[in-house]
Amino acid sequence: MIPRQGSLFKSGLRLGGVVSRSLLFAPRAVVSQQRFAAMRLYSQSSGGSGGNAPPRIDLSKLSQEEIRKLHEFKMAEKRKTKNRSIALYFSSIAVVFLGLAYAAVPLYRAICARTGFGGIPITDRRKFTDDKLVPVNIDKRLRVSFTSEVSQILPWKFVPQQREVYVLPGETALAFYKAKNNSDKDIIGMATYSITPGDAAQYFNKIQCFCFEEQKLAAGEEIDMPVFFFIDPDFATDPAMRNIDDIVLHYTFFRAHYGDGSAVSEAAAKGEPISPEEAQRMLANATVLSPEDVKDEGK
Numbered sequence: 589m590i591p592r593q594g595s596l597f598k599s600g601l602r603l604g605g606v607v608s609r610s611l612l613f614a615p616r617a618v619v620s621q622q623r624f625a626a627m628r629l630y631s632q633s634s635g636g637s638g639g640n641a642p643p644r645i646d647l648s649k650l651s652q653e654e655i656r657k658l659h660e661f662k663m664a665e666k667r668k669t670k671n672r673s674i675a676l677y678f679s680s681i682a683v684v685f686l687g688l689a690y691a692a693v694p695l696y697r698a699i700c701a702r703t704g705f706g707g708i709p710i711t712d713r714r715k716f717t718d719d720k721l722v723p724v725n726i727d728k729r730l731r732v733s734f735t736s737e738v739s740q741i742l743p744w745k746f747v748p749q750q751r752e753v754y755v756l757p758g759e760t761a762l763a764f765y766k767a768k769n770n771s772d773k774d775i776i777g778m779a780t781y782s783i784t785p786g787d788a789a790q791y792f793n794k795i796q797c798f799c800f801e802e803q804k805l806a807a808g809e810e811i812d813m814p815v816f817f818f819i820d821p822d823f824a825t826d827p828a829m830r831n832i833d834d835i836v837l838h839y840t841f842f843r844a845h846y847g848d849g850s851a852v853s854e855a856a857a858k859g860e861p862i863s864p865e866e867a868q869r870m871l872a873n874a875t876v877l878s879p880e881d882v883k884d885e886g887k
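What the sequence shown shows, in the numbering used here, is residues 589 to 887, in sequence order.
What follows is the structure, encoded as structure tokens:
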């Protein structure tokens, strides 16, 4: 007896249901490797496009358990990709901030050295033109005082050789500091400097000095350190400088080498060095005025 087509269809449905239920409740080890390969193929094909993209999996041929596992696999892949992107993003931010941290100090010093911001005297070589080195007659000379300070971990004596000098805007002046290593070991130090009041720093031009350079002194050694500078002539015409008669140049010496032998790298903001010939020419025309000189002139 040949069964009807309807009976065959119903039998197929019952057989398919039995197979599906057996797959649904089967242990994990029973699931075929072809199914897992299909899961990975589905995950790879979901984002592809074009003729080379692998075909999508027909979900109607998978059981509910396999569809659930496929969905979990897909979500795990998405989370992994998202976590990787977040990690790369924050790693990039960390690298950028690390670079900024290393560049912040020399960049700040370079800006201050060119603009006079933050009480840092200008060391821009373009300021050292002949028209800037012409003294401007004003009613009263400017008093430039010199002060010093030494870090507690640096066993040096560091003092100015003169307490103050009196200059005109545009007039070059030469001053000296004396440094002595009071320890029984060779030590390397480095000096920083500032101008008070800070607004006058934009007009204080250092032609030559020892700042931001490593200075090595042997045990017991004593040296003189020159500071060659001038006040920009524009100081006399700036209304903001009208009531400023006193300028203080302050140096602080720090220890550049520590117990482990590591060294502080030379500051990038020490300014562009001038040629030896140009420095000698300016030194030959320099005037050094002490308080006694000013008194002799009838100040």
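Virtual Cβ for every residue (Gly too), placed ideally from N, Cα, C. Note that the structure is a prediction, hence the values are computed from the model and not measured.
By Cβ distance below 7 angstroms, which residues in the same chain neighbour residue i in space, the five residues on each side in sequence not counted?
i, result
"residue 802", "776, 778, 844, 854"
"residue 785", "832"
"residue 738", "744, 746, 841"
For the beta strand (DSSP E) containing residue i, name the first residue and the last one.
i, result
"residue 796", "792–796"
"residue 748", "744–748"
"residue 804", "803–805"
"residue 739", "Segment: none, residue 739 is in no beta strand (DSSP E) and carries neither H nor E."
"residue 726", "No beta strand (DSSP E) holds residue 726; DSSP gives it neither H nor E."
"residue 783", "775–784"
"residue 813", "810–819"
"residue 767", "760–769"
"residue 841", "834–843"
Near residue i, which residues of its chain fall below 6 angstroms by C-beta distance, leaving aside the five closest residues on each side in sequence?
i, result
"residue 768", "745, 810"
"residue 781", "799, 839"
"residue 752", "731, 733"
"residue 722", "758"
"residue 806", "774"
Using only alpha-carbon positions, find the residue among the options that is nearest to residue i.
i, options, result
"residue 838", "820, 662, 733, 688", "733"
"residue 757", "773, 749, 657, 823", "823"
"residue 820", "652, 799, 761", "761"
"residue 832", "780, 726, 665, 680", "726"
"residue 946", "786, 652, 808", "This structure leaves residue 946 out entirely; the chain is present only between 589 and 887."
"residue 774", "751, 662, 742, 750", "742"
"residue 728", "740, 722, 659, 755", "755"
"residue 750", "731, 739, 738, 740", "731"
"residue 818", "738, 724, 805, 787", "724"
Exposed or buried, what is residue i when buried is set at 16 or more other beta-carbons lying within 10 Å of its beta-carbon?
i, result
"residue 654", "buried"
"residue 835", "buried"
"residue 793", "buried"
"residue 681", "exposed"
"residue 688", "exposed"
"residue 759", "buried"
"residue 888", "This structure leaves residue 888 out entirely; the chain is present only between 589 and 887."
"residue 676", "exposed"
"residue 674", "exposed"
"residue 683", "exposed"
"residue 804", "exposed"
"residue 609", "A caution first: residue 609 carries a pLDDT of 46, below 50, which makes its placement in the model unreliable, though a value can still be read off. Flag for residue 609 reads exposed."
Note down, in chain order, each residue of its chain lying with its Cβ closer than 8 angstroms to the Cβ of residue i, except the 5 sequence neighbours on either side.
i, result
"residue 827", "none"
"residue 825", "none"
"residue 747", "736, 765, 766"
Taking the straight line between their C-alpha atoms, what separation do you get for residue i and residue j?
i, j, result
"residue 813", "residue 798", "7 angstroms"
"residue 791", "residue 763", "17 angstroms"
"residue 789", "residue 830", "15 angstroms"
"residue 662", "residue 842", "60 angstroms"
"residue 651", "residue 659", "12 angstroms"
"residue 783", "residue 670", "53 angstroms"
"residue 678", "residue 656", "33 angstroms"
"residue 846", "residue 672", "Since pLDDT at residue 846 reaches only 47, below the 50 mark, its modelled position is unreliable, and no value is offered."
"residue 667", "residue 740", "54 angstroms"
"residue 860", "residue 787", "Residue placement at residue 860 is flagged as unreliable, the pLDDT there being 40, under the threshold of 50; a coordinate-derived value is accordingly withheld."
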